[in-house]
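In our numbering, the protein residues as written are 72 to 896.
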């Protein structure tokens, strides 16, 4: 168990060491070589699970975290988690190799880059192996935060900052919805464990919160996996360095939503709402992404929208595959089980060909200084290896043989064709829309794949349009895309090795009720002359025609009005929200402390007094009150006199003494009420406060010499009286509603419970330990912020002073030179 958690948290632990490695060793060795060991070690470690998981075994590991709240880091290794774990660590290894040659160790802040990358890697591993819903959510949001940092890595660019902000806003919004869905599931199933929820699925599906929980969880999945209409963040995220795009936005982060849908299929699958949302949104996203990709002239943007399209394809397959839960074991269930198998197969294939294509774009940008298709062409002549990799990746994405994308695309055509024959959930004639949309979207996919390859590498080489002297990329940058390209080909010829050891166990995890091992799920390139093959032939024929005639129609697609796009809607919504918030803020942020206190106290009074009146909370019960002694009355009178003295005096010393006296009299009340620890704490606080006031005596503002000049304000009087009345009524009403036994006796037992002789310290350190820790954390963060601001200001001042001295020296030298010239003349 300990070994597994060490490897799972290895990226997060290693991230702590990266800044030191960068500081002391980066001049000699690229930091990436050290970071490379992390994903490579994890990948090798996970390989040992393959034969055992393929044989049907699963592993559960539990690390105690907050046992009193039943929150433990429970990890579960099954086929689905292992599939994602291998992708995260395997592709991560190749991406880091690529980044070593792509990212300059001189010009780039590599310590930041690799810290963010390792944070993301650790978050993804924690996400896919988590069995505890709240722990899963924690890792989920950590992926959003780390991806925000990676996207904004080149933070000096406005486009990078905007892309990171858009990504964070959309994915975190979906994450909050997902959290609400998780909380509903916890309420329904009375457990935090996904496995236990699966075991009680019959009870869960009949609950009133079943559909709301499903909708909230799907909101999180759709935003993270860039499904329509939330996919607008993904193209802007391409402002990140190419290794980030290749890792986050093709192989890992965008697959997190896919993972969540697959993991939740045993719970929500078989529901009509689940089917229509997952399959319907997926197929719409497929069409939207493929059509929008045709509009792009930037290679990275083209791949971004193609990623959206491919994710829609995988999502629609998971939706179609969820029908297997409805039909159960049998012939009909088996048909739709193949759809889920195809989803997992294409998920793996997409990571291979799309990862290589992003790396190809990075190579083109690195070697030519351009990513715009309109300036490229003829690169095949000078970059033949890069061209070969691009050809393999693009043809695989287009669904052509002999590449792995052809196999999963054929299975996709077969799955959507079967939907029209399902006869449930009101499909009927509507079911025909699935194969039609899939076919049309596949044509668009074929066209933009041809554009990617032949507009970039074919035609005339235009060196005058490029900013650098073009040559083939160095071997180090080619290693990773070559490996991925070889996988694309090898999987086509040996697909069932992958199917038997990786995909079949993952399928068992997604559809445990189907006894997947009983079915013969073989992947084959040839199934005879069937509908899927005819659809592929149609895609190629129509696609070639559209590619050849692209000059006649492509401008119409690219000239689509921007004001009708989802991006425009997002920008307008953001601007409108900012204007509204600025207008509202300007109304109450007047710069007047008096106004702020009025708002705070007025809201306090209205809320509390209104609640007491609305819910009949005002109740006075003096039957059990102790008698008021002469000491109590004397202290109250003394406190009133001290408070009025602070308010009305015109002498600083007298105001400070009266304020201290007021505090000491409060501590005397604590003595009378048998709270010596609290009295001692109060006296210490009052002593320190009074001393601080005296130390700051010189800097205190002058008090009014003439008390009569202080203007009378009715608003102040009314609010003061209302606050005093509210607090008094609230305290008396609380004393009159003894709904629960007092916790006084519990705290009085502090020595036995916490070993503390001072009850105030026990409450702060033990009973309210998290609260105190967070308060200290806030103060620490604020202190660091102040320090950084002062440090930056002093650096700017030093730089300004240095520039002035340099200017003075230049001026002095110039004057000396002029005097020398004058003397010579």
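By construction, the Cβ of each residue, glycine as well, lies at the ideal position given by its N, Cα and C atoms.
These figures come from a predicted structure and were not determined experimentally.
Let me make sure I understand the geometry here. Which of 103, 112, 306 has the alpha-carbon closest to that of residue 638?
Against the chain shown, residue 638 aligns to sequence position 567. Nearest of 103, 112, 306 to residue 638, Cα basis: 306.
With a CB to CB cut of under 7 Å and the five nearest residues on each side skipped, what residues in its chain are close to residue 97?
Start at 1 with the first residue of the chain shown, and residue 97 comes out as number 26. Closer than 7 Å at Cβ, skipping near neighbours: 176, 181.
Check residue 148 in the structure and name its three-state DSSP category.
Taking the first residue of the chain shown as position 1, residue 148 is located at position 77. Residue state, collapsed to three classes: strand.
Per DSSP, cross-strand counterpart(s) of residue 143
Walking along the chain shown from the start, residue 143 turns up at place 72. In the DSSP output, where bridge partners are listed per residue, residue 143 has 135.
Do the segment 551-568 and the segment 399-408 meet, that is, are 3 or more Cβ pairs less than 8 Å apart?
no
When the Cα atoms are used, what is the spatial distance from residue 426 to residue 861?
Locating residue 426 in the chain shown gives position 355, where the first residue counts as 1. Locating residue 861 in the chain shown gives position 790, where the first residue counts as 1. Each residue's Cα considered, the two are about 44 Å apart.
Tell me which residues share the same chain as residue 479 and place their Cβ nearer than 6 Å to its Cβ, disregarding the 5 neighbours each side in the sequence.
One-based indexing of the chain shown puts residue 479 at position 408. Contacts found: 413, 416, 417, 420.
Alpha carbons only, please: which of 340, 647, 690 is nearest the one belonging to residue 585?
On the chain shown, residue 585 is found 514 positions in, with the first residue counted as 1. With distances taken between Cα atoms, residue 585 lies closest to 340.
Helix, strand or coil, according to DSSP, for residue 215 in the structure here?
Position 144 of the chain shown, counted from the first residue, corresponds to residue 215. Residue 215 falls in the helix class under three-state DSSP.
Just tell me which of 633, 542, 354, 831 has its CA closest to the CA of residue 504.
Residue 504 sits at position 433 when you count from the first residue of the chain shown. Answer by Cα proximity: 354.
So, for residue 738: in the same chain, excluding its five sequence neighbours on each side, which residues have a beta-carbon less than 6 Å away from its beta-carbon?
One-based indexing of the chain shown puts residue 738 at position 667. 750, 753, 754.
Given this structure, state the Cα-to-Cα distance separating residue 161 from residue 433, to the nearest angstrom.
Your numbering for residue 161 matches position 90 in the chain shown. Your numbering for residue 433 matches position 362 in the chain shown. Spanning the two alpha carbons is a distance of roughly 19 Å.
So what does DSSP say about residue 911, is it helix, strand or coil?
With the chain represented from 72 up to 896, any question about residue 911 goes unanswered, as that position is not in the structure.
Starting from residue 751, trace the alpha helix (DSSP H) in both directions and tell me its first and last residue.
Taking the first residue of the chain shown as position 1, residue 751 is located at position 680. Looking at the DSSP string, the run of the alpha helix (DSSP H) that includes residue 751 is 747-766.
For residue 261, which three-state DSSP category applies?
On the chain shown, position 190 is the one that residue 261 refers to. Looking at residue 261 - three-state DSSP - the assignment turns out to be coil, as it is neither helix nor strand.
Hey, quick one: how far does the alpha helix (DSSP H) through residue 339 stretch, first residue to last?
Along the chain shown, read from residue 1 onward, the residue named residue 339 stands at position 268. 326-339 is the span of the alpha helix (DSSP H), which, as asked, contains residue 339.
Counting only the same chain and skipping the five closest in sequence on each side, list residues whose C-beta sits under 6 Å from that of residue 302.
Taking the first residue of the chain shown as position 1, residue 302 is located at position 231. 379, listed in sequence order.
Measure the C-alpha to C-alpha separation of residue 267 and residue 261 and round it to an integer number of angstroms.
Within the chain shown, residue 267 is the residue found at index 196, counting from 1. Within the chain shown, residue 261 is the residue found at index 190, counting from 1. Approximately 9 Å, taken between the alpha carbons.
Kindly indicate the opening and closing residues of the alpha helix (DSSP H) around residue 791.
By 1-based counting over the chain shown, the position of residue 791 is 720. Here the alpha helix (DSSP H) through residue 791 covers 785-807.
Can you give me the C-alpha to C-alpha distance between residue 914 and residue 795, rounded to a whole angstrom?
Residue 914 falls outside the range modelled here, since the chain spans only 72 to 896, and no answer is possible.
Extent of the continuous alpha helix (DSSP H) run through residue 421:
As a first step, residue 421 must be located in the chain shown, where it is residue number 350. Per DSSP, residue 421 belongs to the alpha helix (DSSP H) from 402-439.
Interface flag, residue 156 vs chain B, CB-CB below 8 Å
Absent from the structure is chain B; it holds one protein chain and no more.
Which residue from 812, 831, 813 puts its Cα closest to that of residue 821?
Position 750 of the chain shown holds residue 821. Minimum Cα distance to residue 821 is reached at 831.
When you compare only the Cα positions, how much space is there between residue 81 and residue 209?
Locating residue 81 in the chain shown gives position 10, where the first residue counts as 1. Locating residue 209 in the chain shown gives position 138, where the first residue counts as 1. Approximately 17 Å, taken between the alpha carbons.
In the DSSP assignment, find the alpha helix (DSSP H) that holds residue 48 and state where it starts and stops.
Given that the chain is displayed from residue 72 to residue 896, the structure contains no residue 48 and the question cannot be resolved.
If residue 189 sits next to residue 86, beta carbons under 8 Å apart, how far is it from one beta carbon to the other, in whole angstroms?
Position 118 of the chain shown, counted from the start, is the residue given in the question as residue 189. Position 15 of the chain shown, counted from the start, is the residue given in the question as residue 86. The Cβ separation is near 4 Å, so the contact holds.
Spatial neighbours of residue 450 within its chain, please: C-beta separation below 8 Å, excluding the five flanking residues on both sides.
As a working note, residue 450 is residue 379 in the chain shown. Answer for residue 450: 435, 439, 457, 458, 527, 528, 532, 541, listed in chain order.
Here's the rule I'm using: 16 or more other beta-carbon atoms within 10 Å means buried, otherwise exposed. How should residue 157 be labelled?
Along the chain shown, read from residue 1 onward, the residue named residue 157 stands at position 86. Buried.
Tell me whether residue 631 is buried or exposed, calling it buried when 16 or more other Cβ atoms sit within 10 Å of its Cβ.
Residue numbering aside, residue 631 sits at position 560 when the chain shown is read from its first letter. Exposed is the call here.
Can you name, in chain order, every residue of its own chain whose Cβ lies under 6 Å from the Cβ of residue 103, other than the five neighbours on each side?
Position 32 of the chain shown, counted from the start, is the residue given in the question as residue 103. Excluding residues within five positions, the ones whose Cβ falls inside 6 Å are 167, 170, 171.
Rounded to whole angstroms, what is the Cα-Cα separation between residue 884 and residue 867?
Reading the chain shown from its first residue, position 813 is the one you call residue 884. Reading the chain shown from its first residue, position 796 is the one you call residue 867. Note on residue 884: pLDDT 48, under 50, position unreliable in the model; the coordinate value appears next. Going from the Cα of residue 884 to the Cα of residue 867 covers about 25 Å.
Checking the sheet assignment: what are the DSSP bridge partners for residue 837?
For the purposes of this step, residue 837 is taken as residue 766 along the chain shown, with counting starting at 1. Bridge partners of residue 837: none, in fact.
Could you have a look at residue 555 and say whether DSSP puts it in helix, strand or coil?
Numbered from 1 along the chain shown, position 484 holds the residue referred to as residue 555. DSSP places residue 555 in helix when its eight states are reduced to three.
Nearest-angstrom Cα separation, counted from residue 801 out to residue 689:
Here residue 689 refers to the residue found at position 618 when the chain shown is read from its first residue. Here residue 801 refers to the residue found at position 730 when the chain shown is read from its first residue. Near 8 Å, if we compare the C-alpha coordinates of residue 801 and residue 689.
Rounded to whole angstroms, what is the Cα-Cα separation between residue 361 and residue 250?
Indexing the chain shown from 1 puts residue 361 at position 290. Indexing the chain shown from 1 puts residue 250 at position 179. Straight-line Cα distance between these residues: approximately 31 Å.
Inter-stretch contact at 8 Å, needing at least 3 Cβ pairs: the segment 515-522 / the segment 363-376:
yes
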